[in-house]
Amino acid sequence: MEEQKLLKKEARWNISKVGFYYAFSYVIILIVSALIGRILTALGVKELDPNLELVIMSVVPMYLVAFPAIYIALKKTVPEVKPVKNKMTVGQYITTCITCIGLAYISNFIGLIITGIIGLVRGQMVDNTILDVATNVSPLTVLIYMVMMAPIMEEFMFRKLIVDHTAQYGKAVAILLSGLMFGLFHANLNQFIYAFVIGCYFAFVYVKTGDIRITISMHMIFNFMGGFVATNLLNELHIDEYMEAATGSDPTAAFRVIMEHPIPWIIYGFFFLYIISMIIAGFVLLIVGIVKGNYKLVEDSPKALPKGNRITTAIFNPGMLFYIGFFLLLILLQLLGLAK
């Protein structure tokens, strides 16, 4: 009994540090971004090219300052236990990838419905930050930032680091924390739901395989289809022109917009079929996997918390409660239109 109390205390303390570190890293991002903004203003720079702005105001504060700070802090103060490596066959990889993409699209649709309802209630649509970024920068920037750089950094920071430093207290604990912290760190409701779902799924894959390269590649595939392909298609559809015509008094105006740009709309039709196919296939494969017992976790760590204490210990500690409260506040401000 005394050993369990000491283990619970140790887990609460170490997980609490993880929560504080990641919350403070976001504060660092805000501070560094503000400092860069002041420097640019002092230099007389009034407006930046969107591509350069993304690098200076996002990549530098997050990837070059905040994330390295988290890495150093965790390495020095929280013990880590890496998952045992297990190989994944090509067939398993394809099945896992389809399941993940299907879950991502399902949860994304749920998120869009929820934010759509909130937008109708408040009389103004909720900002979709990632869509705004993706449509304002060049395709090359989207490819480099969203498809290549973001998956590597995010998988390392929100999968490898979080799982390596918390899985010793329970694999389910590590998976939940990875997904929850990843979803909340986006700081907007549009991305939270699907980021939470795929975050948990990626964490599960990493826990089972011990190979972060697998989740990085899956993340890249998802961002390529959902970020690069989708946003470029939307740009080619002339969607603003279409929406203006669709809401006008001429019922044939929207059809004329489509006929003026037939190829992009045909391609978009195939892309929509791809999304539906992934949703159906992913859901079916998920059910089959559950029935076969592929999603069972064997807690083999000597420090794994007792079942009744895992979630409460992982969530109800000062650092994690601060992290959750901090980002829920940011999400609320975004929903109220007071922050982006």
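Residue numbers (the numbering used here): 6 to 345.
For each residue, glycine too, the CB sits at the ideal point set by N, CA and C.
Hey, would you say phenylalanine 201 sits closer than 9 Å to glycine 175, going by beta carbons? no
Tell me whether the beta-carbon of tyrosine 199 lies closer than 9 Å to the beta-carbon of tyrosine 110. Yes; because the gap between Cβ atoms is below 9 Å, this pair is in contact.
Using a 10 Å radius around the Cβ and a threshold of 16 neighbouring Cβ atoms, would you call arginine 127 buried or exposed? exposed
Do you know offhand how far lysine 22's Cα is from valine 296's? 37 Å
How big is the Cα-Cα spacing for alanine 31 and phenylalanine 197? The displayed chain sequence assigns tyrosine, not alanine, to residue 31. Cα to Cα, the separation comes out at about 16 Å.
In terms of alpha-carbon separation, which member of Ser222, Leu310 and Leu53 lies closest to isoleucine 106? In terms of CA proximity to isoleucine 106, Ser222 leads the group Ser222, Leu310 and Leu53.
Considering only residues of the same chain and omitting the five flanking positions on each side of aspartate 245, which have a CB-CB separation below 8 Å? none
With a threshold of 16 other CB atoms inside 10 Å of the CB of threonine 82, please say whether the residue is buried or exposed. exposed
In this structure, how does DSSP classify phenylalanine 321 when only helix, strand and coil are distinguished? coil
Do three or more CB pairs link the region 113 to 121 to the region 60 to 67 at distances below 8 Å? no
Roughly how many whole angstroms lie between the Cα atoms of isoleucine 4 and tyrosine 68? Outside the displayed span of the chain (6 to 345) sits residue 4, for which this structure offers no information.
Asparagine 228: first and last residue of the uninterrupted alpha helix (DSSP H) it sits in: 217 to 228
Ignore the nearest five residues each way along the sequence and tell me which others in histidine 191's own chain have a CB closer than 7 Å to its CB. Phe197 and Ala200
Under the three-state DSSP convention, the category proline 193 falls into: Reading off the sequence, residue 193 comes out as asparagine, not proline. If DSSP states are grouped into helix, strand and coil, asparagine 193 belongs with coil.
Can you confirm whether the region 83 to 99 touches the region 207 to 220 when touching is taken to mean that 3 or more C-beta pairs between the two stretches lie within less than 8 Å? yes
How many Å lie between tyrosine 206 and valine 168 at the Cα? 12 Å
Other residues of its chain near leucine 280: CB distance less than 7 Å, five sequence neighbours each side excluded: In the sequence as displayed, the identity of residue 280 is isoleucine instead of leucine. Once the five neighbours on either side are set aside, the close Cβ partners of isoleucine 280 are Tyr110.
Can leucine 182 and alanine 71 be called in contact, C-beta distance under 9 Å? no
Would you mind giving the Cβ-Cβ distance between threonine 104 and glycine 294, rounded to the nearest angstrom? I have them listed as a contact below 8 Å. 7 Å
My output table needs one value for histidine 170: the three-state DSSP class, helix, strand or coil. In the structure shown, histidine 170 sits in a helix (DSSP, three-state: H, G or I).
Flag this pair as yes or no: are the beta carbons of tryptophan 270 and leucine 242 separated by less than 9 Å? yes
Please classify threonine 100 as buried or exposed, where buried requires at least 16 neighbouring CB atoms within 10 angstroms. buried
Restricting to Cα atoms, I'd like to know which of Leu194, Glu15 and Gly188 is closest to isoleucine 203. The shortest C-alpha to C-alpha distance from isoleucine 203 to any of Leu194, Glu15 and Gly188 is the one to Gly188.
Determine, using beta carbons only, whether isoleucine 336 and leucine 166 come nearer to each other than 9 Å. no
Same chain only: Cβ atoms within 6 Å of lysine 301, ignoring 5 sequence neighbours per side: Excluding positions up to five away in sequence, the list is empty.
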